[in-house]
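Chains as they are written, first to last, in this note's numbering: chain A, 1 to 147; chain D, 1001 to 1505; chain Y, 2001 to 2448.
From the three backbone atoms N, C-alpha and C, an ideal C-beta is built for every residue, glycine too.
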Amino acid sequence: MEFPEGLKYSKEHEWVLVEGNTATIGITEFAQEELGDIVYVELPEVGEKVVKDDPFGAVESVKAVSDVYAPVGGTVLEVNDVLPDNPETINDDPYGDGWMIRVEMTDEEDLKDLMTAEEYAEYVEQQKEDDDEEEEEDETEDEEEEE
Amino acid sequence: MSERRSNVLSESSAIKPQSEASVPRLLFESGSPGRSGFYWPAESEKGQTTIPGEFLREDLPGFPELGELEVLRHFTRLSHRNFAIESQFYPLGSCTMKYNPKVNEVVARLPGFAQIHPLAPVEILQGAMELLYDLERILIEISGMDCISLQPSAGAQGELTGLMLIRAGLTEKGNPRKKIIVPDTAHGTNPASSTLCGYDVVQISSTARGVIDTATVAKVMDEDVAAIMITNPNTLGLFEKDIEAIAAVVHQKGGLVYLDGANLNALMGIAKPGHMGVDVLHMNLHKTFSTPHGGGGPGAGPVAVKEGLSEYLPVPRIVKQNDKFELLEDCPKSIGRVRSFFGNFGILVRAYTYIISLGGAGLEESSRMALLNANYIRKKLETGYQIAYGEPCMHECIFTDRLQHKYGVNTLDIAKRLLDYGFHPPTIYFPLVVSGALMIEPTETETPETLDAFVEAMLAIAQEAKENPDVVKNAPHSTPVKRLDEARAARKPILRWDPGQGGAE
Amino acid sequence: MRYTPHTPSDQEQMLRTIGIDSIEELYQHIPETLRNRAKIDLPGGLTELAVRRRLAALASSNATASDWSFFLGGGIYHHFIPSAVDAVISRSEFATSYTPYQPEVSQGTLQALFEYQTLICQLTGMEISNAGVYDGASAAAEAVLMSRRIQPASRRRVLMSRALHPHYRAVITTYLKNLDDMQLEEIPFDASGATDVAELTRKFDHQSMCVIVGYPNFFGVIEDLAPIQAACARNGAQLITVTPEPLALALLKPPGAWGADIAVGEGQSLGVPMTLGGPGFGFFASQKKFVRSVPGRLVGETVDTEGRRGFVLTLATREQHIRREKATSNICTSQTLCTLASTVFMSLLGKSGMRRLAEVNVSRAHDARDRLASRPHLESCFSGAFFNEFVLRARNLESLLPRCAAARIAPGVPLGQWYPELDDCLLICVTEMNEREEIERLVGVIGN
Chain A
1 MEFPEGLKYS KEHEWVLVEG NTATIGITEF AQEELGDIVY VELPEVGEKV
51 VKDDPFGAVE SVKAVSDVYA PVGGTVLEVN DVLPDNPETI NDDPYGDGWM
101 IRVEMTDEED LKDLMTAEEY AEYVEQQKED DDEEEEEDET EDEEEEE
Chain D
1001 MSERRSNVLS ESSAIKPQSE ASVPRLLFES GSPGRSGFYW PAESEKGQTT
1051 IPGEFLREDL PGFPELGELE VLRHFTRLSH RNFAIESQFY PLGSCTMKYN
1101 PKVNEVVARL PGFAQIHPLA PVEILQGAME LLYDLERILI EISGMDCISL
1151 QPSAGAQGEL TGLMLIRAGL TEKGNPRKKI IVPDTAHGTN PASSTLCGYD
1201 VVQISSTARG VIDTATVAKV MDEDVAAIMI TNPNTLGLFE KDIEAIAAVV
1251 HQKGGLVYLD GANLNALMGI AKPGHMGVDV LHMNLHKTFS TPHGGGGPGA
1301 GPVAVKEGLS EYLPVPRIVK QNDKFELLED CPKSIGRVRS FFGNFGILVR
1351 AYTYIISLGG AGLEESSRMA LLNANYIRKK LETGYQIAYG EPCMHECIFT
1401 DRLQHKYGVN TLDIAKRLLD YGFHPPTIYF PLVVSGALMI EPTETETPET
1451 LDAFVEAMLA IAQEAKENPD VVKNAPHSTP VKRLDEARAA RKPILRWDPG
1501 QGGAE
Chain Y
2001 MRYTPHTPSD QEQMLRTIGI DSIEELYQHI PETLRNRAKI DLPGGLTELA
2051 VRRRLAALAS SNATASDWSF FLGGGIYHHF IPSAVDAVIS RSEFATSYTP
2101 YQPEVSQGTL QALFEYQTLI CQLTGMEISN AGVYDGASAA AEAVLMSRRI
2151 QPASRRRVLM SRALHPHYRA VITTYLKNLD DMQLEEIPFD ASGATDVAEL
2201 TRKFDHQSMC VIVGYPNFFG VIEDLAPIQA ACARNGAQLI TVTPEPLALA
2251 LLKPPGAWGA DIAVGEGQSL GVPMTLGGPG FGFFASQKKF VRSVPGRLVG
2301 ETVDTEGRRG FVLTLATREQ HIRREKATSN ICTSQTLCTL ASTVFMSLLG
2351 KSGMRRLAEV NVSRAHDARD RLASRPHLES CFSGAFFNEF VLRARNLESL
2401 LPRCAAARIA PGVPLGQWYP ELDDCLLICV TEMNEREEIE RLVGVIGN
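Put into structure tokens, the structure is as follows:
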């Protein structure tokens, strides 16, 4: 799994690319994998305000809808117009062509709460480990039974 | 005709050649201009000139033009691509797919029920009114409640009506309140109905034993909570044994208790919701009371209340004065109407017929046999699948795909493989609190031999998962169509036929 | 016992397998206080013969459209239903199957629903249709709720025509009462029997969310939607049309052609018996751009792993089982078997049959109206054009009704119960099921 260095990451599995006062936001590889085939993306309008930690849009797969939360607050400058017709772009290239919105940040301090690539990689590992632990328990139980 | 077929093929090279047998055409892809399956001679032109030209349409473009035999063949062919209770076992948890008696169908088609108009004078509808009045009393007896409305068209509409009654009662006391408590095991209609009624949803977690406990409810219960919605037995097939204590907690702070009666098939003769501290409940006549599911309805969802809420019930109410039945519209506190006319009368007739066929003892026996069948399956499947909760279940049991995970096989695969064995899969991935849930409700109308055959198939699949997982993961293999691309259907929704289309893109 | 096949030895064997001695052990854990009072106090079961006799007796004390002459409409219509319709919906593969959650074994239902959706689009002139809702009344209420999802929060005023079916208005009122932000405003009708456009225009403002009108309306009048649609467009409000008698759409310019945003109605008249007003079904159509706000099931076309065309329930993330409290509606079980009946009906009649049947209705209804309105004490109430229903004012309505009953005629629906100013008026419906001689009898009884 990829964790590009130049990005910052949120607990809700969004990534942020900071360039000056502009933040480009998308969802991570882990998030798109959990969702499965993405069929629809709900995006805000240019000019709308997004509030840190509030949902600014949603990503829909066949079986679920996930809100996408703003890792930083600001005003929407640009919206990825490829996504309405080709939502699967997020599955194919979550960190590149699959970007969702670009905002003008209101407060740089917002970035402090985000994780580095390394921290996020650990965070994801931990999430996966919790799932694996349950599986391991089952396997041990089975092994015991078979003995 | 063959010309049209070759157009279909040439325009869509992505599809494999299709024979008539493998993929039926749509109504619009056959027929011939001018053809019709209906004969009626023309009558005078009278009146047509009084409708101004700008109100008229030229044509019904695209409408089918088929003969009667063509139409019958078309739908007969389609019926062969459907699975139904009368074809095979249909153990959908929480749906209660019991036998739909044929006598119900004969009765519902009697002209005295089918050819009557709801706006005719009530004096010439006395038989219908008597049936409705009787059915009301019967359902009150079964549920242990005080009053009832037969108007809601389905369980979900019953829920909405019930919540509206609660809201009306609280509003009259001065404050409708803001929240409804809903357990994490609840059917999706519960929170959806709450929102429709203007309430916010507060979700509470079930315990590790799969039920909700009084302490958890007490923590979130306050004077902002209008009601709690409980399903009993719950969607895990477990009896919510704290229900009376929970009701007390909720009542103590002025809230009300709503019971989702979808699982009533487990309770008849065993426990009555009206004795559990419940204030409002709905029943699903298309589940517990055998009316046919029809591929998705029609159903009926009567809502019953305790006396305190009776004046809010929808209008009209049916009343008996001197041996005659009349309609009472003037109920000033009523919430009004939730649907037109009397509700799904044809379904009410079927449920009534079923209930009087069985009688009280018969209904009680149904629940006992439902419990017996569910626990029989539970015991026999435990050897091959992980059961979600250890205790005896009521009318349905839940297993998971945990034991099959290590082979890369999941619940969806198991469900699809069951299709190859000729069984309809159980409900899958619900409730959400059980990962990979397989919810099995056999109902009481199944023989032990059918249950044995089902168990055999399930255990065979468990074996296949170990020895030959691919055959499970790529199932189904023997159905008219294989796994369908749902992502494609959602990304570029095609919701109707258009003349330009020739089958799939 | 009826329908439960277990013999005593079956039960014994099963109890042994489970490891218990009696079925009672399966519910011992339920509090005794509940178990002690659970007996269902109803008479014993009956043989099938006894059941049929009992129900036949109840049925026989209802007057049917064959025993009496019905001139009753008002949202439920007496039309001919070809025998083939029942032959199809009686097939257990359609009648006893569940909602098509496993599409591989439900292609019958799914394809039929896809065809149904197409037919409704063709009939209403709209771009998309769902797989049906409960009835015309709840369809109207759901349409208003859909408009609420689409329109901005500043627009929460509903302009509802008083000429819309009273039951539909009642249901809309009941549904909206629970939502704090909604306002409902009733628009009167004028002398033509249609919505008063001048009044409507006056009521528009920046808070207007939608306008909802009958087409044809409750009085049978065919409303001119052009000025209504124009006013909606000018004011940013959505236009919702409600059609209780969709046979009319075989002849009339469809809602889509008038520019409606949402077109709903009651489908009973197309192949479903009257059955005291239910079950029927509500049809619900709209424009493609609003698809994610549509309530109810949607069936979509796709392919399987081997490239075959197939159908699935789609955009399910709008629905209650996934979206839960954020769902577009709470609807789960709907009225599928009834939509199937209408699909068969519309396929049998087809393009030419639908128009022929509609023409016969127009012809008979206008003939009846002309004959009745020419009588001295009777007059046509409204000047608007109509399809197969019209309103007649009778100076002596009170004495007419018992005379009709004695002659086994239900001459129409008295309107006074909903419209006090029309308490001397009857809503009369004439369809292809009313023979010439029946109409003559009606004229004879109430025309003198």
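(message) Looking at the secondary structure, which residues open and close the beta strand (DSSP E) in which L2239 of chain Y lies?
(response) The residue you call residue 2239 of chain Y lines up with position 239 of the third sequence. Note, L2239 of chain Y: beta strand (DSSP E), 2238 to 2243.
(request) Please confirm if E12 of chain A has its CB atom under 7 Å from at least one CB of chain Y. (result) By 1-based counting over the first sequence, the position of residue 12 of chain A is 12. No, because no Cβ of chain Y sits closer than 7 Å to the Cβ of E12 of chain A.
(message) Using a Cβ distance threshold of 8 Å, determine whether the stretch 1145 to 1152 of chain D contacts the stretch 1298 to 1305 of chain D, with at least three qualifying pairs required.
(response) Because the criterion of three Cβ pairs below 8 Å is met, the stretch 1145 to 1152 of chain D and the stretch 1298 to 1305 of chain D touch.
(message) Using 8 Å for Cβ pairs, my map puts L2042 of chain Y next to T1353 of chain D. What's the rounded Cβ distance?
(response) Translated into the one-based positions of the third sequence, residue 2042 of chain Y becomes position 42. Translated into the one-based positions of the second sequence, residue 1353 of chain D becomes position 353. L2042 of chain Y to T1353 of chain D, Cβ: 14 Å. No contact.
(message) So with CB distances below 7 Å, who are the chain A contacts of R2323 of chain Y?
(response) As a working mapping, residue 2323 of chain Y is identified with position 323 in the third sequence. Chain-order list of chain A residues neighbouring R2323 of chain Y: V65, by C-beta distance under 7 Å.
(message) Taking DSSP's pairing of strands, which residues face P2414 of chain Y in a bridge?
(response) Counting from 1 along the third sequence, the entry for residue 2414 of chain Y is found at position 414. Partner(s): Y:L2426.
(request) Decide if M1145 of chain D is buried, meaning its Cβ has at least 16 other Cβ atoms within 10 Å, or exposed. (result) Counting from 1 along the second sequence, the entry for residue 1145 of chain D is found at position 145. Looking at its Cβ environment, which holds 16 or more other Cβ atoms inside 10 Å, M1145 of chain D is buried.
(request) Report, in whole angstroms, the separation of the C-beta atoms of H2167 of chain Y and A2137 of chain Y, which I expect to be a contact under 8 Å. (result) To locate residue 2167 of chain Y, count along the third sequence from 1; it is residue 167. To locate residue 2137 of chain Y, count along the third sequence from 1; it is residue 137. Contact between H2167 of chain Y and A2137 of chain Y holds, since their C-beta atoms are separated by about 5 Å, short of 8 Å.
(request) Determine the contact status of R1350 of chain D and N1104 of chain D, defining contact as a CB-CB distance below 7 Å. (result) The residue labelled residue 1350 of chain D in the question sits at position 350 within the second sequence. The residue labelled residue 1104 of chain D in the question sits at position 104 within the second sequence. Cβ atoms of R1350 of chain D and N1104 of chain D: closer than 7 Å.
(message) Could you check whether the stretch 1196 to 1207 of chain D touches the stretch 1266 to 1282 of chain D, counting it as contact only if at least three pairs of C-beta atoms, one from each stretch, sit closer than 8 Å?
(response) The stretch 1196 to 1207 of chain D, when compared against the stretch 1266 to 1282 of chain D, does not touch it at the 8 Å Cβ threshold.
(request) Would you mind working out which of D:P1392, D:K1333, D:I1138 sits nearest P1316 of chain D, comparing C-alpha positions? (result) Residue 1316 of chain D sits at position 316 when you count from the first residue of the second sequence. When only C-alpha atoms are compared, the closest one is D:K1333.
(request) Compare the beta carbon distance of L1170 of chain D and A1128 of chain D with 7 Å and say whether it is the shorter of the two. (result) Taking the second sequence and counting its residues from 1, one reaches residue 1170 of chain D at position 170. Taking the second sequence and counting its residues from 1, one reaches residue 1128 of chain D at position 128. Their beta carbons are not under 7 Å apart, which means L1170 of chain D does not touch A1128 of chain D by this criterion.
(message) Can you check which of these residues, Y:R2403, Y:A2406, Y:H2377, Y:A2407, is closest to R2393 of chain Y by C-alpha distance?
(response) Translated into positions along the third sequence, residue 2393 of chain Y becomes position 393. Ranking Y:R2403, Y:A2406, Y:H2377, Y:A2407 by Cα distance to R2393 of chain Y puts Y:H2377 first.
(request) Just the chain Y side, please: which residues come within less than 7 Å of E60 of chain A by C-beta, in chain order? (result) Here residue 60 of chain A is taken as the residue at index 60 of the first sequence, counted from 1. Neighbours of E60 of chain A across chain Y, judged by C-beta separation under 7 Å: T2317.
(message) Any beta carbon from chain D within less than 7 Å of N2062 of chain Y's own beta carbon?
(response) Numbered from 1 along the third sequence, position 62 holds the residue referred to as residue 2062 of chain Y. Answer yes: the Cβ-Cβ gap between N2062 of chain Y and chain D drops below 7 Å somewhere.
(message) Just to make sure I have the definition right: I need the residues of chain D whose C-beta is within less than 7 Å of the C-beta of T2305 of chain Y. Which are they?
(response) As a position in the third sequence, residue 2305 of chain Y is number 305, starting the count at 1. Result: K1482, R1483.
(request) To the nearest angstrom, report how far apart P1017 of chain D and A1084 of chain D are at their CA atoms. (result) The sequence position of residue 1017 of chain D within the second sequence is 17, counting from 1. The sequence position of residue 1084 of chain D within the second sequence is 84, counting from 1. Bear in mind that a pLDDT of 48 at P1017 of chain D, under 50, signals an unreliable position, so the model cannot answer this.
(request) Look at E2142 of chain Y and V2133 of chain Y and say whether their C-beta atoms are less than 7 Å apart. (result) Taking the first residue of the third sequence as position 1, residue 2142 of chain Y is located at position 142. Taking the first residue of the third sequence as position 1, residue 2133 of chain Y is located at position 133. Yes; because the gap between Cβ atoms is below 7 Å, this pair is in contact.
(message) If contacts are defined as beta-carbon pairs under 8 Å, then V2264 of chain Y and A2131 of chain Y qualify, I think. What distance do you get, rounded to the angstrom?
(response) Residue 2264 of chain Y sits at position 264 when you count from the first residue of the third sequence. Residue 2131 of chain Y sits at position 131 when you count from the first residue of the third sequence. Not really, about 13 Å apart at Cβ, beyond 8 Å.
(message) I need the straight-line Cα distance from E1130 of chain D to D1330 of chain D, nearest angstrom please.
(response) The residue labelled residue 1130 of chain D in the question sits at position 130 within the second sequence. The residue labelled residue 1330 of chain D in the question sits at position 330 within the second sequence. Computed Cα separation, rounded: 20 Å.
(message) Using beta carbons (cut-off 7 Å, strictly below), is K2253 of chain Y in contact with chain D?
(response) Numbered from 1 along the third sequence, position 253 holds the residue referred to as residue 2253 of chain Y. The beta carbon of K2253 of chain Y falls within 7 Å of a beta carbon belonging to chain D, placing the residue at that interface.
(request) Starting from the C-beta of R1081 of chain D, find all residues in its chain whose C-beta is less than 6 Å away, skip the five residues before and the five after it, and write them out in chain order. (result) Taking the second sequence and counting its residues from 1, one reaches residue 1081 of chain D at position 81. Excluding positions up to five away in sequence, the list reads P1480.
(message) Quick check on L1069 of chain D: buried or exposed, where buried means 16 or more other Cβ atoms within 10 Å of its Cβ?
(response) Position 69 of the second sequence holds residue 1069 of chain D. That one is exposed.
(message) At the level of alpha carbons, what is the spacing between S1367 of chain D and V1182 of chain D?
(response) Numbered from 1 along the second sequence, position 367 holds the residue referred to as residue 1367 of chain D. Numbered from 1 along the second sequence, position 182 holds the residue referred to as residue 1182 of chain D. Whole-angstrom Cα-Cα distance: 26 Å.
(request) Could you pull out every unbroken beta strand (DSSP E) segment of at least 3 residues lying fully inside the stretch 2192 to 2276 of chain Y, listed in chain order? (result) The qualifying runs are 2208 to 2214, 2238 to 2243, 2262 to 2266.
(request) Using beta-carbon positions only, say whether E1043 of chain D and S2363 of chain Y come within less than 7 Å of one another. (result) For the purposes of this step, residue 1043 of chain D is taken as the residue at position 43 of the second sequence. For the purposes of this step, residue 2363 of chain Y is taken as the residue at position 363 of the third sequence. With contacts defined as CB atoms closer than 7 Å, E1043 of chain D and S2363 of chain Y qualify as a contacting pair.
(request) Write down every uninterrupted run of the alpha helix (DSSP H) in the stretch 1121 to 1146 of chain D whose length is 4 residues or greater and which is fully enclosed by it, in chain order. (result) Complete alpha helix (DSSP H) runs here, min 4: 1126 to 1143.
(message) Report the CB separation of L2034 of chain Y from M1276 of chain D in whole angstroms; it is logged as a contact under 8 Å.
(response) To locate residue 2034 of chain Y, count along the third sequence from 1; it is residue 34. To locate residue 1276 of chain D, count along the second sequence from 1; it is residue 276. That pair is a contact at about 7 Å.
(message) For L996 of chain D, which residues in the same chain have their Cβ closer than 6 Å to its Cβ, ignoring the five residues on either side in sequence?
(response) Because chain D spans 1001 through 1505 in this model, residue 996 of chain D falls outside it and cannot be assessed.
(request) Tell me, please, whether the stretch 1089 to 1109 of chain D touches the stretch 2107 to 2114 of chain Y by the rule of three or more beta-carbon pairs shorter than 8 Å. (result) With the cut-off at 8 Å, the stretch 1089 to 1109 of chain D and the stretch 2107 to 2114 of chain Y do not touch.
(request) Can you have a look at N1322 of chain D and say buried or exposed, based on whether 16 or more other CB atoms are within 10 angstroms of its CB? (result) Mapped onto the second sequence, residue 1322 of chain D falls at position 322. Exposed.
(message) Is there a Cβ of chain D sitting closer than 7 Å to that of E144 of chain A, yes or no?
(response) Residue 144 of chain A sits at position 144 when you count from the first residue of the first sequence. At E144 of chain A, the pLDDT of 46 sits below 50, so the modelled position is not reliable; the number obtained from the coordinates is stated separately. For E144 of chain A, the answer is no, since every Cβ of chain D falls outside 7 Å of its Cβ.
(request) Using a Cβ cut-off of 7 Å, pull out every chain D residue sitting near V82 of chain A, in sequence order please. (result) Mapped onto the first sequence, residue 82 of chain A falls at position 82. Those within 7 Å of V82 of chain A in chain D number zero; the least Cβ separation is about 13 Å.
(message) Judging by CA-CA distance, which residue of D:R1077, D:K1098, D:L1072, D:P1091 is the nearest neighbour of D2086 of chain Y?
(response) Counting from one through the third sequence, the residue named residue 2086 of chain Y turns up at place 86. Between D2086 of chain Y and the set D:R1077, D:K1098, D:L1072, D:P1091, the nearest pair of CA atoms involves D:L1072.
(request) Using a Cβ cut-off of 7 Å (strictly closer), state whether D93 of chain A contacts chain D. (result) By one-based count along the first sequence, residue 93 of chain A stands at place 93. It does not: the Cβ of D93 of chain A has no partner Cβ on chain D nearer than 7 Å.
(request) Determine which residues share a DSSP beta bridge with L2378 of chain Y and list them. (result) Numbered from 1 along the third sequence, position 378 holds the residue referred to as residue 2378 of chain Y. Per DSSP, the beta bridge partners of L2378 of chain Y are Y:A2394.
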